[in-house]
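Protein sequence lines correspond, in order, to chains Y and B.
So for the first sequence, my numbering puts the first residue at 0; every next one is plus one.
So for the second sequence, my numbering puts the first residue at 470; every next one is plus one.
Even for Gly, the Cβ is constructed at its ideal location relative to N, Cα and C.
What follows is a short report on a single structure.
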Amino acid sequence: MSVIRVPEADAGGWSCDRCGEELKPTPVNLEYMDSRFTVELPFCAKCGIALISEELAMGKMLEVEKLLEDK
Amino acid sequence: MTDAARPREPHWRQPYMKAAAGETLRPGGFMLTDRAAELAGLAPGARVLDTGCGTGATVRRLRSRFGVFAVGADADMGQLAAAREKSLPVLCADGERLAVASGSMDMVFCECVLSLLPHSRKALMEFLRVLRSGGYLALSDLYALSGASCGSGQSCGCAQGAFGAGLLEDMVREAGFEIVVREDHSRLLKELAARIVLAGGSPCGTPSGYVFILARKKDDRHA
Numbered sequence: 000m001s002v003i004r005v006p007e008a009d010a011g012g013w014s015c016d017r018c019g020e021e022l023k024p025t026p027v028n029l030e031y032m033d034s035r036f037t038v039e040l041p042f043c044a045k046c047g048i049a050l051i052s053e054e055l056a057m058g059k060m061l062e063v064e065k066l067l068e069d070k
Numbered sequence: 470m471t472d473a474a475r476p477r478e479p480h481w482r483q484p485y486m487k488a489a490a491g492e493t494l495r496p497g498g499f500m501l502t503d504r505a506a507e508l509a510g511l512a513p514g515a516r517v518l519d520t521g522c523g524t525g526a527t528v529r530r531l532r533s534r535f536g537v538f539a540v541g542a543d544a545d546m547g548q549l550a551a552a553r554e555k556s557l558p559v560l561c562a563d564g565e566r567l568a569v570a571s572g573s574m575d576m577v578f579c580e581c582v583l584s585l586l587p588h589s590r591k592a593l594m595e596f597l598r599v600l601r602s603g604g605y606l607a608l609s610d611l612y613a614l615s616g617a618s619c620g621s622g623q624s625c626g627c628a629q630g631a632f633g634a635g636l637l638e639d640m641v642r643e644a645g646f647e648i649v650v651r652e653d654h655s656r657l658l659k660e661l662a663a664r665i666v667l668a669g670g671s672p673c674g675t676p677s678g679y680v681f682i683l684a685r686k687k688d689d690r691h692a
């Protein structure tokens, strides 16, 4: 399945708090309840850590969880 | 007309849909296409028709993966033009009047399309006509969950024509098919709804399920 670009996950202007590396938009696999989604997120290639903003976590990701949980 | 009364455009016409669903624009992508082809024992050289083929993603898949002679049919000229740019064999026809000879097809695919057609029963009769005796119909579509209504108050594009649970199976049998396999794949629909949300769209609020049916045209000699 194709990579989903999430409008709220813009990497512009972000850098890694740990190493200072600039975050770049990178395909990341998100898994929840046996479902997998490949989403483009700001990512530090050096540390291997993706940034999920509070807006994304409490917005679309919460909505997706509810959809998959049938709530 | 108010926004609440205006029917929503079907998801497959929305710009976010390709990112959410890939080329097939339906739940599960090619998963159920491949499953149907494998269950039906589709062999190289078989004649296959994909109804509502859009830009031809399934036609291309069936030709490359199974070596069949697949053609597509769609009524949308814009979609057909995109298919022809990829040199795929497609014809302009709606599901109720396929410009194909009777008994000429080994298998017909109709994936996430039937509930969008204005005359679904006529389309099923047309699928039966173009199939040879013993030929297969692969069908997948939304079904409405009983008592559920759309939370947004809008007439939802994809779900507004969804069949009631069990109705699709009845229609398939009444058209002259025997059902070989019937599976519930509602999880695929939920996953697509989740992808639509992530891609910036708004899934239909009508709680729906998703069903896959493989049916066979009864043998004329034993009818």
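Which first and last residues belong to the alpha helix (DSSP H) in which B/Val666 is found?
Where B/Val666 is concerned, the enclosing alpha helix (DSSP H) stretches over Ser655 to Leu667.
Could you have a look at B/Gly547 and say whether DSSP puts it in helix, strand or coil?
If DSSP states are grouped into helix, strand and coil, B/Gly547 belongs with the helices.
Return the first residue and the last residue of the beta strand (DSSP E) that B/Asp575 is part of.
Met574 to Glu580 is the extent of the beta strand (DSSP E) around B/Asp575.
Indicate whether at least one CB of chain Y lies closer than 7 Å to the CB of B/Arg664.
B/Arg664 counts as touching chain Y.
Can you find a CB in chain B that lies within less than 7 Å of the CB of Y/Ser52?
Not an interface residue.
Looking at B/Leu567: is its Cβ nearer than 7 Å to the Cβ of B/Ala542?
A contact, by the Cβ cut-off of 7 Å.
Under a three-way DSSP split, which group does B/Leu704 fall into?
Nothing about residue 704 of chain B can be reported from this structure: the residues present for chain B run from 470 to 692 only.
Look up Y/Glu39 in the DSSP assignment and say whether it is helix, strand or coil.
Y/Glu39: strand per DSSP, three-state reduction.
I'd like to know if B/Leu661 contacts chain Y, where contact means its C-beta is closer than 7 Å to some C-beta of that chain.
Closer than 7 Å: no.
Closest to Y/Cys43 by CA distance: which of Y/Pro6, Y/Asp16, Y/Val5 and Y/Ile3 is it?
The candidate whose alpha carbon is nearest that of Y/Cys43 is Y/Asp16.
Please decide whether B/Gly491 counts as near chain C, where near means a Cβ-Cβ distance under 7 Å.
The structure shown contains no chain C; the protein chains it does contain are Y and B.
At the 7 Å Cβ level, is B/Gly669 part of the contact set with chain Y, yes or no?
Closer than 7 Å: yes.
Note down the Cα distance separating B/Glu638 from B/Ile682, rounded to an integer number of angstroms.
B/Glu638 and B/Ile682: Cα-Cα distance of roughly 8 Å.
Which ranges would you report for the alpha helix (DSSP H) in the segment 511-566 of chain B if only whole runs of at least 4 residues count?
Listed in chain order, the complete alpha helix (DSSP H) runs (minimum 4 residues) inside the segment 511-566 of chain B are 526-535 and 546-554.
Run through DSSP, which three-state label would B/Ala684 get?
Strand.
Going along the chain, which residues of the segment 32-46 of chain Y sit with their C-beta nearer than 7 Å to a C-beta in chain B?
Correct list: Ser34, Phe36 and Val38.
Can you find at least 3 beta carbon pairs, one from the segment 571-582 of chain B and one from the segment 546-560 of chain B, that sit closer than 8 Å?
With the cut-off at 8 Å, the segment 571-582 of chain B and the segment 546-560 of chain B do not touch.
If you measure from the beta carbon of Y/Phe66 to each beta carbon in chain B, is any gap under 7 Å?
One point to set straight first is that residue 66 of chain Y is Leu, not Phe, in the sequence displayed. Yes - at least one Cβ of chain B is within 7 Å of the one on Y/Leu66.
Name the chain B residues that come within less than 7 Å of Y/Glu62, Cβ to Cβ?
Simply Val666.
Specify, as a first and last residue, the run of the beta strand (DSSP E) that Y/Glu30 falls within.
Looking at the DSSP string, the run of the beta strand (DSSP E) that includes Y/Glu30 is Lys23 to Tyr31.
Within 8 Å, do at least three Cβ pairs link the segment 493-510 of chain B to the segment 657-677 of chain B?
They touch, by the three-pair rule.
Would you please state the rounded distance, in angstroms, between the beta carbons of B/Leu606 and B/Pro676? I believe it to be under 8 Å.
Not confirmed; about 27 Å, so no contact.
Output the distance between the C-alpha atoms of Y/Cys18 and Y/Ile48, rounded to the nearest integer angstrom.
Each residue's Cα considered, the two are about 11 Å apart.
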